[in-house]
Every structure is written in C-alpha cells, then in structure tokens.
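Visitor:
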Amino acid sequence: MLYPASIQKLIELLSNWPSVGPKTAERYALFLLKQPQGYLSDLSKALEVVKQGLVICQHCRRITDQSPCSICTNNQRDPHLLCVVAETKDLLAIENTGRFKGLYHVLGGVINSVRHTAPSESGLKKLVERISSGQITEVVLALNPDIDGETTCLYLSRLLSKFPVRLTRLARGLPTGASLEYADENTLAHAFHNRKDYQSTWESF
1 MLYPASIQKL IELLSNWPSV GPKTAERYAL FLLKQPQGYL SDLSKALEVV
51 KQGLVICQHC RRITDQSPCS ICTNNQRDPH LLCVVAETKD LLAIENTGRF
101 KGLYHVLGGV INSVRHTAPS ESGLKKLVER ISSGQITEVV LALNPDIDGE
151 TTCLYLSRLL SKFPVRLTRL ARGLPTGASL EYADENTLAH AFHNRKDYQS
201 TWESF
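Mind the numbering: the sequence shown is residues 1 to 205 in full-length UniProt numbering, read in order.
(1) For P164, does the count of other Cβ atoms within 10 angstroms reach 16, so buried, or fall short, so exposed?
(2) First and last residue of the alpha helix (DSSP H) that includes E138?
(3) Counting C-beta neighbours from all protein chains within 10 Å, is the total for Y104 16 or more, i.e. buried, or is it exposed?
(4) Please list, in chain order, all residues of the same chain as C60 whose beta carbon is under 7 Å from its beta carbon, the five residues on each side excluded.
(5) So what's D90 in DSSP terms, helix, strand or just coil?
(6) Can you tell me whether residue 240 is helix, strand or coil according to DSSP?
(7) Alpha carbon to alpha carbon, what distance is there between T168 and A5?
(8) Given this structure, state the Cα-to-Cα distance separating E203 from G134, to the nearest angstrom.
(9) Which residue's Cα is closest to the Cα of H80: I147, D197, R166?
(10) I'd like to know whether the C-beta atoms of V114 and R195 end up nearer to each other than 8 Å.
(11) 8 Å is my cut-off, CB to CB: does H80 come that close to chain B?
(12) Could you give the DSSP three-state label for F205: helix, strand or coil?
(13) In chain order, what residues of the same chain have a beta carbon less than 7 Å from the beta carbon of G149, not counting five sequence neighbours either side?
(14) Could you check which residue in V20, A93, L156, K23 has the C-alpha nearest to that of S120?
Pasting the structure below:
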C-alpha cells in the first residue's frame, strides 16, 4: 500500500541522502510524522537558510561564512606547509586534532572511475597556483586511504612533480579503507606526526 503523496515525496527526497536507502528513508519519514509541529517548523526554517551566508574561501576553498576564512588569515599558521584534503569535512576533522599548524586546500572531490567523479577543475587549478607561487615547501596529501584516495594521490604526484616541494602522505595509523571524517583525533594526530615522503609509481600507469 502506497503512502499519501506528501509522505511518498518525503521518502523519495530522504532516499537521496548519503547512505540512506528506501527503508531508512521510510523510517526517517515516519519519525518526522511523530514530531510536534514546532519541531518540524524549526527544521523547515533551518533547511531554508542553511546555505545563506555561506561562501567558498578564495584561498583554501572550504565552506565558510567569510572569505578569506579564519584559518587562511591567521598569521600564526605556517604558510610553507599545505595540507590537501578532498572535502571541507576532512579539513574540520584534521583541524579538530589541534596538531596541524599549516594551511589547507580543499580539492572538492576525488577521482572515482566508477562514478566518473574527480576533483573540481577550479580546485586543481587553484592548487597549482598556490604551489607555483614558491611559498609552499611541503604538501601533505591527507586523502582517505582507499582506492579513490590512492588514485587521486597518484594523479596529484604527477601533477605536482615539476615543483620543488616535498610531497608527504599521512602515516598508516589510518587503516586502509578508513575515512578521515570518522577517524578519532588521536589516530589523525599520530598519522600527521609520522607522515612520510610520498613516492608514487605513476610512471607505470
């Protein structure tokens, strides 16, 4: 038996969320139906304004409420050390460790040949611009230790090979297939402390 059109539409919308299938979306929709109208009104208002006032930092390309962001304008950060991440959530996960004192660069995605996705062109172009300025001496590739992350690291190592910068990768305190977003702070801090020079094998591809 089908739900009324309004509930069915809600289930369809929720099904588009990451890691949410039809059954989970159905549970979420039924949960919302049980909530008081005040809660639903607050949720609706929050969804309406969630993107208002947000911008992409002109330097690191993270989602923020001002550009340049507070990290990029902090003169206590090391301007010679650049940490490359896939998404803003990865930047925040690393920043929460309190151990990294350099600057960041958000690619805006990783290479995935199955889903036909890749870092944004603007993200890659901005990365090359920042490194070609000559101020950066070390680039830390802080990408997830999975197939997509490894593929992206290989691509970046080739892209950046013409620049005189040290290329490093987070230590294997992060298990293969793990996600930076869900790694605990101690694990991330250990990975940063024990990062190693990154040696790619892109020539064989």
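Even glycine gets a Cβ: it sits at the ideal position worked out from N, Cα and C.
Guide: On the basis of the coordinates in this document:
(1) Here residue 164 corresponds to residue number 164 of the sequence shown, with the count starting at 1. Label assigned to P164: exposed.
(2) Against the sequence shown, residue 138 aligns to sequence position 138. Careful: E138 lies outside any alpha helix (DSSP H), inside the beta strand (DSSP E) at 138-141.
(3) If you number the sequence shown from 1, residue 104 lands on position 104. Looking at its Cβ environment, which holds 16 or more other Cβ atoms inside 10 Å, Y104 is buried.
(4) Taking the sequence shown and counting its residues from 1, the one referred to as residue 60 is at position 60. Apart from the 5 residues on each side of it in sequence, C60 sits with its Cβ closer than 7 Å to the Cβ of C69, I71, C72, L103, Y104, H105, V106 in its chain, given in chain order.
(5) Reading the sequence shown from its first residue, position 90 is the one you call residue 90. Helix.
(6) The question about residue 240 has no answer, for the chain in this structure spans 1 to 205.
(7) Position 5 of the sequence shown, counted from the first residue, corresponds to residue 5. Position 168 of the sequence shown, counted from the first residue, corresponds to residue 168. Distance between the alpha carbons of A5 and T168: 53 Å.
(8) Mapped onto the sequence shown, residue 203 falls at position 203. Mapped onto the sequence shown, residue 134 falls at position 134. Confidence in E203 is poor, its pLDDT being 48 and thus under 50, which makes the residue's placement too unreliable to answer from.
(9) On the sequence shown, residue 80 is found 80 positions in, with the first residue counted as 1. That would be R166, whose Cα lies nearest to the Cα of H80.
(10) Reading the sequence shown from its first residue, position 114 is the one you call residue 114. Reading the sequence shown from its first residue, position 195 is the one you call residue 195. Going by beta carbons, V114 and R195 fall outside the 8 Å limit.
(11) This model lacks chain B altogether; it includes just one protein chain.
(12) Looking up residue 205 in the sequence shown gives position 205. Because F205 sits at a pLDDT of 42, beneath the cut-off of 50, its placement in the model cannot be relied upon, and the point is left open.
(13) The count along the sequence shown starts at 1 and reaches residue 149 at position 149. Excluding residues within five positions, the ones whose Cβ falls inside 7 Å are V110, L143.
(14) Within the sequence shown, the letter at position 120 stands for residue 120. With distances taken between Cα atoms, S120 lies closest to L156.
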